[in-house]
């Protein structure tokens with residue numbers, strides 16, 4: 001199922017399918033299409049979203065997370 | 001290092017080969033720099049500790065190298081002041097050798113900026129640092145394979161203990177300009193067989 005990264009529930013895994021914002025900024029941080037990630041933290045009141053990509057955690061603004069499409073239930 | 005120096009053009013000593021140490025924030029560039037030069041750059045466990053540059057010299061095999069510890073950057077399209085310093089230093093030192101430092105536990109992220117540097121056609125050498133941390137996390141890095149794909153010398157190091165630093169210093173003179181097209185070909189498995197490297201241990205020297 002394709003959802004916005006910002007809608008991924010805490011602790012769940014998903015695979016990045018589409019980046020509708022500056023792909024360069026996310027790519028150089030290690031977030032690329034096809035990568036599996038896990039939601040680590042979603043801060044309340046529109047706070048930052050933190051995801052785990054393998055060994056590294058990256059944080060991004062909620063607006064950015066809303067522009068990333070991920071696929072859940074791939075069991076990747 | 002005075003602020004003035006960091007802001008203006010890099011007024012680098014004209015002696016020997018200039019080596020720019022470049023890599024993501026918090027991969028141990030400054031620790032490696034201290035190891036190689038005996039300097040005392042500030043090292044901490046936080047990304048963004050180095051915001052302007054520090055330079056030092058060391059002599060290896062009768063050749064003087066001026067090593068410059070560049071602030072960490074995720075890419076060559078700067079997004080903050082420290083990254084701008086890094087990009088400017090690269091631009092102001094077109095004849096320099098670039099030592100790309102990777103964190104062995106996060107190699108893929110480091111390779112992004114590494115390839116950006118290689119695209120510029122500067123001679124490169126890659127140091128895969130933090131090997132101790134990788135061992136602890138049961139991560140192995142295939143140094144020989146990485147070297148085969150990139151076509152530039154790759155050396156594994158642990159700056160905190162000094163492991164591999166000697167090798168890195170010796171390999172500096174073998175730094176090479178990477179061929180991006182050839183890297184892409186090798187990744188697709190379309191490698192053209194090169195006579196000269198057959199049966200070679202792969203020291204990255206040829």
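Protein chains in written order, with full-length UniProt numbering: chain D, 1 to 76; chain C, 1 to 206. The beta-carbon is built from N, C-alpha and C at its ideal position, and this holds for glycine as well. This one's a predicted model, so the numbers in the text were calculated from it and none came from an experiment.
| message | Rounded to the nearest angstrom, what separates residue 98/C and residue 20/C at their Cα positions? | response | In the second chain, residue 98/C corresponds to position 98, counting from 1. In the second chain, residue 20/C corresponds to position 20, counting from 1. Whole-angstrom Cα-Cα distance: 5 Å.
Taking residue 121/C and residue 177/C to be in contact with their CB atoms under 8 Å, please state how far apart those CB atoms are, rounded to whole angstroms. Residue mapping note: residue 121/C aligns to position 121 of the second chain, counting from 1. Residue mapping note: residue 177/C aligns to position 177 of the second chain, counting from 1. That pair is a contact at about 6 Å.
Practice problem: My understanding is that residue 70/D touches residue 23/D, with C-beta atoms under 8 Å, so please give their C-beta distance in whole angstroms. | Solution: Position 70 of the first chain, counting from 1, holds the residue named residue 70/D. Position 23 of the first chain, counting from 1, holds the residue named residue 23/D. At roughly 14 Å, the Cβ-Cβ gap does not stay under 8 Å, so residue 70/D and residue 23/D are not in contact.
Inset, instruction - Using only alpha-carbon positions, find the residue among 3/D, 27/D, 73/D and 4/D that is nearest to residue 58/D. - result: Within the first chain, residue 58/D is the residue found at index 58, counting from 1. It is 27/D.
Handout entry: chain C contact residues for residue 30/D, given Cβ-Cβ distances below 8 Å
Key = Position 30 of the first chain, counted from the first residue, corresponds to residue 30/D. Neighbours of residue 30/D on chain C, chain order: 106, 108, 109 and 112.
**OP:** Return the CA-CA distance between residue 105/C and residue 130/C, expressed in angstroms with no decimal places.
**Re:** Sequence index remark: in the second chain, residue 105/C carries index 105 (1-based). Sequence index remark: in the second chain, residue 130/C carries index 130 (1-based). Cα to Cα, residue 105/C sits roughly 7 Å from residue 130/C.
Taking the beta carbon of residue 123/C as the centre, do at least 16 other beta carbons fall within 10 Å, making it buried, or is it exposed? Here the question's residue 123/C lines up with position 123 in the second chain. Its Cβ being crowded by 16 or more others within 10 Å, residue 123/C is buried.
Can you check the region 24–103 of chain C for any beta strand (DSSP E) of at least 3 residues that lies completely inside it and give the ranges in chain order? 54–60, 63–69 and 97–103
According to the Cβ coordinates, are residue 151/C and residue 182/C closer than 9 Å?
As a working note, residue 151/C is residue 151 in the second chain. As a working note, residue 182/C is residue 182 in the second chain. It is a contact, given that the beta carbons lie within the stated cut-off.
Practice problem: Excluding the 5 residues preceding and the 5 following residue 132/C in the sequence, name in chain order all residues of the same chain whose CB lies nearer than 8 Å to its CB. | Solution: Within the second chain, residue 132/C is the residue found at index 132, counting from 1. Only 158, 160, 161 and 163 meet the Cβ criterion.
Excluding sequence positions up to five away, which residues of its chain have a Cβ less than 6 Å from the Cβ of residue 4/D? In the first chain, the residue the question calls residue 4/D occupies position 4. These residues qualify, in order along the chain: 66.
Short of 8 Å in beta carbon distance, which residues of its chain neighbour residue 141/C, apart from the five on each side in sequence? Order them along the chain. Sequence index remark: in the second chain, residue 141/C carries index 141 (1-based). Excluding sequence neighbours, residue 141/C sits near 104, 107, 128, 131, 134 and 156.
Three-state class that DSSP yields for residue 139/C in the structure shown = By one-based count along the second chain, residue 139/C stands at place 139. In the structure shown, residue 139/C sits in coil (DSSP, three-state: anything other than H, G, I, E or B).
Next item on the list: List the residues of chain C whose Cβ lies closer than 9 Å to the Cβ of residue 63/D, in chain order.
Entry: As a working mapping, residue 63/D is identified with position 63 in the first chain. Going along chain C, no residue has its Cβ under 9 Å from residue 63/D, so there is no contact; the nearest lies around 16 Å.
Would residue 19/D count as contacting chain C if we go by Cβ distances under 9 Å? On the first chain, residue 19/D is found 19 positions in, with the first residue counted as 1. So, not an interface residue.
| message | Please report the distance separating the alpha-carbon of residue 60/D from that of residue 69/C. | response | Taking the first chain and counting its residues from 1, the one referred to as residue 60/D is at position 60. Taking the second chain and counting its residues from 1, the one referred to as residue 69/C is at position 69. In a straight line, the C-alpha of residue 60/D is about 28 Å away from that of residue 69/C.
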